[in-house]
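Q: Residue numbers (UniProt numbering): 1 to 247.
Pasting in a structure now, in C-alpha cells, and then I'll have a few things to ask.
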C-alpha cells in the first residue's frame, strides 16, 4: 500500500513499505524514474516471496510524490531518501540505480548506522558535474546562466530540463573527491553497452571507495536500463550475496 509522509523540509513523499525479515532492502531509483519501474517492482515481488522487508519511494517531483521535478536537486532527493530510510527498522541494504547509486553513497556517508550493505546498478555518482556540466557546450553553459535552465534530449521520452540549481547544488554533494568509506558488503553492477553511464565511472568508484568487501560485475552488452530477465536475476543474486556476507 502506498503511504505518504512529509519531510522535515516540507516535501510530500510517497512510499511503500513491505514488512518482513531484517535487514530490509530499500530501492533508490534514478533520475526521473519512479517506484513503478521494472527493477523496483521485481525487487518488491522478490521480497514478498522471501518474506523480506522492502521499501521503495518516489523522490519529490518524481512519480506520485508532491512537488515539481524542475524544483529539485540532488540534495533534496537525498533528504527525501533519508526521511523514508529513517522510518525503517535497523540498518538496510540499499539498492541504488543510476542516480540512486549516488544517493545511496550519500546516505552511506551521512547515515552509516542505517546501512548494512549496498548494491549499485549503473551508479552515477557526481553526474551533474562530471557528465552534465563537463559535457555542456559553451552555448549550453551560457543558456544555463542566462535562462536558469537548459533542455537535454532523452532516449526515454521528453527532454530533460536541467536547471542551474541542479548543477550548483550538486557541487556540494560530490562523493568521488573526498574520502568515501563503505565498511559493509558492496556489489556494483554495470553494463558495457550503457550509453548514459560509462563503465569508467564504475571503475573509478571501485578505485576510490574504501571498502574491504566490494566487487564490480561488468555485464557485456547490458544497457543502462539493466532490466532484462538476466540482469534482474543478477540484481537479486547481488542482494542475496550481501545478505550472505552479513550472515
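Don't be surprised by glycine CBs; every beta carbon is placed ideally from N, CA and C.
1. Just confirm the distance between the C-beta atoms of residue 62 and residue 69, as a whole number of angstroms; I'd bet it's less than 8 angstroms.
2. Does the beta-carbon of residue 7 have 16 or more other beta-carbons within 10 angstroms, so that it is buried, or is it exposed?
3. Once DSSP output is grouped into helix, strand and coil, what is the label at residue 149?
4. Excluding five sequence neighbours on each side, which residues of the same chain lie with their C-beta closer than 8 angstroms to the C-beta of residue 23?
5. Checking 8 angstroms against the spacing of the C-beta atoms, do residue 97 and residue 121 come in under that value?
6. Hey, could you find the ends of the alpha helix (DSSP H) residue 241 is sitting in?
7. Report yes or no: do three or more beta-carbon pairs, one from the segment 201-219 and one from the segment 173-189, lie closer than 8 angstroms?
8. With DSSP as the reference, please indicate the residues paired to residue 165 in a beta bridge.
9. So, helix, strand or coil for residue 54, using DSSP?
10. Can we count residue 108 as close to the ligand SAM, meaning its CB is less than 7 angstroms from some heavy atom?
11. Please check the pair residue 80 and residue 141, which I expect to be a contact at CB under 8 angstroms, by giving their CB distance rounded to whole angstroms.
12. If you follow the beta strand (DSSP E) that residue 107 is in, where does it begin and where does it stop?
13. Since residue 18 is in the beta strand (DSSP E), which residue starts that stretch and which ends it?
14. For a quick check, are the C-beta atoms of residue 173 and residue 75 less than 8 angstroms apart?
15. By how many angstroms is the C-alpha of residue 21 removed from the C-alpha of residue 51?
16. Exposed or buried, residue 171, counting other C-beta atoms within 10 Å across all chains shown (16 or more means buried)?
17. So if DSSP puts residue 28 in a beta bridge, which residue, or which two residues, is it bridged to?
18. Helix, strand or coil for residue 33, going by three-state DSSP, please let me know.
19. In this structure, what does DSSP give as the bridge partners for residue 181?
20. Once DSSP output is grouped into helix, strand and coil, what is the label at residue 188?
21. DSSP puts residue 160 in a beta bridge; with which residues?
22. Confirm, please, whether the CB-CB distance from residue 210 to residue 180 is below 8 angstroms.
A: Considering the structure as presented:
1. 7 angstroms
2. buried
3. Here residue 149 sits in strand by DSSP.
4. Correct list, in chain order: 53, 90, 91, 92, 93, 116, 117, 243 and 246.
5. yes
6. 229-246
7. yes
8. Bridge partners of residue 165: none, in fact.
9. Reduced to three states, the DSSP call for residue 54 is strand.
10. Of ligands this structure carries none, so the ligand SAM is not represented either.
11. In fact, because the Cβ distance is near 28 angstroms, the residues do not count as touching under 8 angstroms.
12. Residue 107 -> not in any beta strand (DSSP E); alpha helix (DSSP H) instead, spanning 99-110.
13. Residue 18 -> beta strand (DSSP E) spans 12-18.
14. yes
15. 6 angstroms
16. exposed
17. DSSP, once it has assigned bridges, lists 96 as partnering residue 28.
18. coil
19. 210
20. strand
21. 152
22. yes
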